[in-house]
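Student: Protein chains in written order, with numbering that gives the first Met the number 0: chain A, 0 to 331; chain B, 0 to 331. Ideal placement from N, C-alpha and C gives every residue a C-beta, glycine not left out. If you scroll down you'll find the structure; I have some questions about it.
Number of protein chains: 2
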Amino acid sequence: MVTMEDVARLAGVSKMTVSNVVNNREGVSDLVRRRVLEAIRQSGYRLNVSARSLRSGRTGVIGLAVPEVDLPYFSHLATLVIDAARRRGHHVAIERTGAAEAGEADALAHSRVLQFDALILSAVVLDGLDERLTGAGCPVVMLGERDFGGRFDHVAMPNEEGMKAATVHLADQGCRRIGIVSGVPREGVNVMTRRYRGYLDGLAERGLSADPPLLFPLDGMTMEAGRDAAHRMVDSGREVDGVVAVTDTVALGVLRGLADRGLRVPDDIRLIGFDDVPESRFLVPSLSSVAPDHRWMAEKAVELAVQRVRAPLRPAEEHVAPFELVIRESTR
Amino acid sequence: MVTMEDVARLAGVSKMTVSNVVNNREGVSDLVRRRVLEAIRQSGYRLNVSARSLRSGRTGVIGLAVPEVDLPYFSHLATLVIDAARRRGHHVAIERTGAAEAGEADALAHSRVLQFDALILSAVVLDGLDERLTGAGCPVVMLGERDFGGRFDHVAMPNEEGMKAATVHLADQGCRRIGIVSGVPREGVNVMTRRYRGYLDGLAERGLSADPPLLFPLDGMTMEAGRDAAHRMVDSGREVDGVVAVTDTVALGVLRGLADRGLRVPDDIRLIGFDDVPESRFLVPSLSSVAPDHRWMAEKAVELAVQRVRAPLRPAEEHVAPFELVIRESTR
DNA sequence: GGGCGACGTCCTCCATGGTCACCATGCCGC
DNA sequence: GCGGCATGGTGACCATGGAGGACGTCGCCC
């Protein structure tokens, strides 16, 4: 392997000067800089990242831990995070938590073992009180849903506002019995709880009753679970005429489940999702959705992560992503 | 930071002994081993991966370079590769090539910079003759489509066989004018060329004419491109009664494009895709597809990569993934 | 029973490729 | 002649792994 030392010898300088050139630092004359660059070209030298990070303590890698890589929402987000990080000269390593406590804890442990400069964690299970978060060994930026008590940088989804807007929209389209397909709101502040509250707020805003609640619970956040919930909804005979689904992925399953029972969207029942994943506009019918600005979120998360690497003691910031409501065929 | 030296002092041994314990090597008595483990526990020691890889030349990281992270096919594959690698004690770093030559070359360059132990490359552009492939600085396992002249380990898709089976299936369902939505077959052996040939083989097998060819070219492998191609197909007035789409993602766009023109699937026109991504069974109508065994592919690719790290000189192997035809509503 | 070799166990020394903090050199102006 | 700046060099240091050697113990053989 060609080392910095070899380049230095070839260019007739010390390896520190080579290091300075490689890192674009000041204090190297143009003449010497050119000579070094030429020597690098000739020798085919490549920087050894292990050696650099051993000495400097930085790896240039940001961890991104998400529940599932192959849910459209997260894979889309991952793409945007990778791009944002690349523009700032960082690489991204993706971890999969499986939406399980063990997975999230693993991601935190890996952040130490693999020495991420920072970890962007889309936490579903852990909350701000868990000591594993503080013991991560690197700055952690929370992405998404839970309440972290202001102890971490946090890029949040507009869960309540978005869901409220979706519900109000359904009401304005004439729906009177609006159901929600979601996980069961649990203790603590998580996606389910916030979105459910947004749904209730929306009903209240238009004077619709939430009693008895038209909540059709999910077993997981998958298409499969969405379809099952839709089956249960129709089979219950509760005459729902509008549905908000907790994510687009779930909505895709609901769409299928309704078709299985011979219901047409939007004629018999209207449907709206959350996330606006790329697929949504191509479905038949195309799916209305709450569209948080994913690019903005990715950008913000990476920005916070990179900032905190440089200034570890800056107070934690909390940002809520902007969103818009995208109206398509499923709620026309 | 707690180092190996600290642990050694605490346990009253040399750091080499700690190293041996950490790496589960022979030649450490049970007593000493327990003492060391206890010292590790007490001190909260974490192995420094940078130092290890500087010394050993291995990082334990396998690179996975795919055209797009947020295409369902690739995100699904990525999940499976991550799992397969984890079972073998490796991590995966995902690179995005953008299906461009620059991106693929970048991935190869990164493989040196980030010192992957191996790179699994889903190449769309580079072929086996490109010298950048051999200069990767680590073993490369090709995943997918192109011909690499037996110079690399290669896990291939059943492109021709699968497409032929799909075409024959359409014919057997009564289709007489079967079109294909695909990129234009180009010089060299790539996905498009192989799948197009499979389509021609299928037509021939059932005695259907391919003259003039019913090829509706794509501008990219996206849903959007699929929809546009479908529009052009219908607007051309060529009375196609069956379509094979080059991927499920494209098929999803085609489905939408046909709906835009008021055509019903499968009543007016039948449609089949390739890849069997998770979404396909939930679409309305659910999408028939050629289903290569993705888990098998991921497993094989990782296995070849890990093997080659240990035995760099083993001759290259070529494997073709098994597949089955999944018949759903879109071709009933 | 004593000497010798083998073996199990652990340690010492050095290598790994960069980076950091500090130092040396030379040139300039005052 | 001296201080200061611009430029580049020096040697220690980061945490780990590998080779080979030291040390003690045990068994074997004469």
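Run through chain A and tell me which residues come within less than 8 Å of B/Gln114, C-beta to C-beta.
Tutor: Taking the second sequence and counting its residues from 1, the one referred to as residue 114 of chain B is at position 115. Per Cβ cutoff of 8 Å: Asn47, Val48 and Ser49.
Student: Give, in chain order, every residue of the stretch 226–259 of chain B whose Cβ lies closer than 8 Å to some Cβ of chain A.
Tutor: Flagged, chain order: Arg226, Leu251, Gly252, Leu254, Arg255 and Ala258.
Student: Could you pull out every residue in the same chain whose Cβ sits closer than 6 Å to the Cβ of B/Asp152, ignoring the five residues on either side in sequence?
Tutor: For the purposes of this step, residue 152 of chain B is identified with residue 153 of the second sequence, where counting begins at 1. These residues qualify, in order along the chain: Val140, Leu303, Ala315 and Glu316.
Student: Can you give me the start and stop residues for the alpha helix (DSSP H) that B/Pro71 sits inside?
Tutor: Looking up residue 71 of chain B in the second sequence gives position 72. Note, B/Pro71: alpha helix (DSSP H), Pro71 to Arg86.
Student: Does the separation of the CB atoms of B/Ile268 and B/Asp240 fall below 7 Å?
Tutor: Sequence index remark: in the second sequence, residue 268 of chain B carries index 269 (1-based). Sequence index remark: in the second sequence, residue 240 of chain B carries index 241 (1-based). A contact, by the Cβ cut-off of 7 Å.
Student: Below 7 Å on C-beta distance, what does A/Val283 contact in chain B?
Tutor: As a first step, residue 283 of chain A must be located in the first sequence, where it is residue number 284. Simply Leu254, Arg255, Ala258 and Val283.
Student: Can you give me the start and stop residues for the alpha helix (DSSP H) that B/Asp116 sits inside?
Tutor: Translated into positions along the second sequence, residue 116 of chain B becomes position 117. Premise fails: B/Asp116 is in no alpha helix (DSSP H) and is neither H nor E.
Student: Identify whether A/Gly102 lies in helix, strand or coil by the three-state DSSP scheme.
Tutor: The residue you call residue 102 of chain A lines up with position 103 of the first sequence. DSSP places A/Gly102 in helix when its eight states are reduced to three.
Student: Note down the Cα distance separating B/Gly272 from B/Tyr195, rounded to an integer number of angstroms.
Tutor: Along the second sequence, read from residue 1 onward, the residue named residue 272 of chain B stands at position 273. Along the second sequence, read from residue 1 onward, the residue named residue 195 of chain B stands at position 196. Computed Cα separation, rounded: 13 Å.
Student: If B/Arg95 sits next to B/Val68, beta carbons under 8 Å apart, how far is it from one beta carbon to the other, in whole angstroms?
Tutor: Position 96 of the second sequence, counting from 1, holds the residue named residue 95 of chain B. Position 69 of the second sequence, counting from 1, holds the residue named residue 68 of chain B. Indeed they touch by this definition, with Cβ atoms about 5 Å apart.
Student: According to DSSP, is B/Ile179 part of a helix, a strand, or is it coil?
Tutor: Residue numbering aside, residue 179 of chain B sits at position 180 when the second sequence is read from its first letter. Correct three-state label for B/Ile179: strand.
Student: Starting from B/Leu332, find everything on chain A with Cβ-Cβ shorter than 8 Å and list it in chain order.
Tutor: Since the first residue shown for chain B is 0 and the last is 331, residue 332 of chain B is missing from the structure and cannot be characterised.
Student: Please classify B/Val183: is it buried, with 16 or more other beta-carbons within 10 angstroms of its beta-carbon, or exposed?
Tutor: To locate residue 183 of chain B, count along the second sequence from 1; it is residue 184. Under this definition B/Val183 is an exposed residue.
Student: Does B/Arg95 have its Cβ less than 7 Å from a Cβ in chain A?
Tutor: For the purposes of this step, residue 95 of chain B is identified with residue 96 of the second sequence, where counting begins at 1. Chain A contact via Cβ: present.
Student: Of all Cβ atoms in chain A, is any one closer than 7 Å to the Cβ of B/Ile119?
Tutor: Along the second sequence, read from residue 1 onward, the residue named residue 119 of chain B stands at position 120. Judged by the 7 Å Cβ criterion, B/Ile119 is not in contact with chain A.
Student: Within a Cβ cutoff of 7 Å, which residues of the same chain sit near B/Leu361, ignoring the five residues on either side of it in sequence?
Tutor: Since the first residue of chain B shown is 0 and the last is 331, residue 361 of chain B is not available in this structure.
Student: Among B/Val124, B/Val243 and B/Val1, which residue has its Cα nearest to the Cα of B/Phe215?
Tutor: As a first step, residue 215 of chain B must be located in the second sequence, where it is residue number 216. It is B/Val243 whose Cα lies nearest to the Cα of B/Phe215.
Student: So B/Gly197 and B/Glu159 are supposed to be a Cβ contact under 8 Å. How far apart are they, rounded?
Tutor: The residue you call residue 197 of chain B lines up with position 198 of the second sequence. The residue you call residue 159 of chain B lines up with position 160 of the second sequence. Right, the Cβ-Cβ distance comes to about 4 Å (below 8 Å), so this counts as a contact.
Student: Per DSSP, what kind of secondary structure is A/Phe281 in: helix, strand or coil?
Tutor: As a first step, residue 281 of chain A is located in the first sequence; it is residue number 282 there, counting from the start. Helix.
Student: Can a CB atom of chain B be found closer than 7 Å to the CB of A/His75?
Tutor: Stepping through the first sequence from its first residue, residue 75 of chain A is reached at position 76. Yes, A/His75 lies at the interface with chain B (some Cβ there is under 7 Å from its Cβ).
Student: Could you round the C-beta distance between A/Ser110 and A/Pro66 to whole angstroms and report it? I think they count as a contact, below 8 Å.
Tutor: Locating residue 110 of chain A in the first sequence gives position 111, where the first residue counts as 1. Locating residue 66 of chain A in the first sequence gives position 67, where the first residue counts as 1. Going by Cβ atoms, the distance from A/Ser110 to A/Pro66 rounds to 17 Å, so no, they are not a contact pair.
Student: Are A/Ala108 and B/Ala92 touching if we call contact CB-CB under 7 Å?
Tutor: Along the first sequence, one-based indexing puts residue 108 of chain A at 109. Along the second sequence, one-based indexing puts residue 92 of chain B at 93. Contact: no.
Student: How would you write the range of the alpha helix (DSSP H) that B/Ala7 sits in, first residue to last?
Tutor: Numbered from 1 along the second sequence, position 8 holds the residue referred to as residue 7 of chain B. From DSSP, the alpha helix (DSSP H) with B/Ala7 extends over Met3 to Ala10.
Student: Is any beta-carbon of chain B found at less than 7 Å from that of A/Thr78?
Tutor: Your numbering for residue 78 of chain A matches position 79 in the first sequence. Closer than 7 Å to some Cβ of chain B, the Cβ of A/Thr78 qualifies, so yes.
Student: Note down, in chain order, each residue of its chain lying with its Cβ closer than 6 Å to the Cβ of B/Met162, except the 5 sequence neighbours on either side.
Tutor: Stepping through the second sequence from its first residue, residue 162 of chain B is reached at position 163. For B/Met162, where only same-chain residues beyond five positions count, the Cβ hits under 6 Å are Arg194, Gly197 and Tyr198.
Student: Comparing C-alpha positions only, which one of B/Phe73, B/Val6 and B/Arg33 sits nearest to B/Asp275?
Tutor: Along the second sequence, read from residue 1 onward, the residue named residue 275 of chain B stands at position 276. Cα-wise, what sits closest to B/Asp275 is B/Phe73.
Student: Closer than 8 Å between beta carbons: that is the criterion. Which residues of the stretch 268–279 of chain A meet it against chain B?
Tutor: So the close ones are Pro277 and Glu278.
Student: Is there a Cβ of chain B sitting closer than 7 Å to that of A/Met222, yes or no?
Tutor: As a position in the first sequence, residue 222 of chain A is number 223, starting the count at 1. Yes, A/Met222 counts as interfacial toward chain B.
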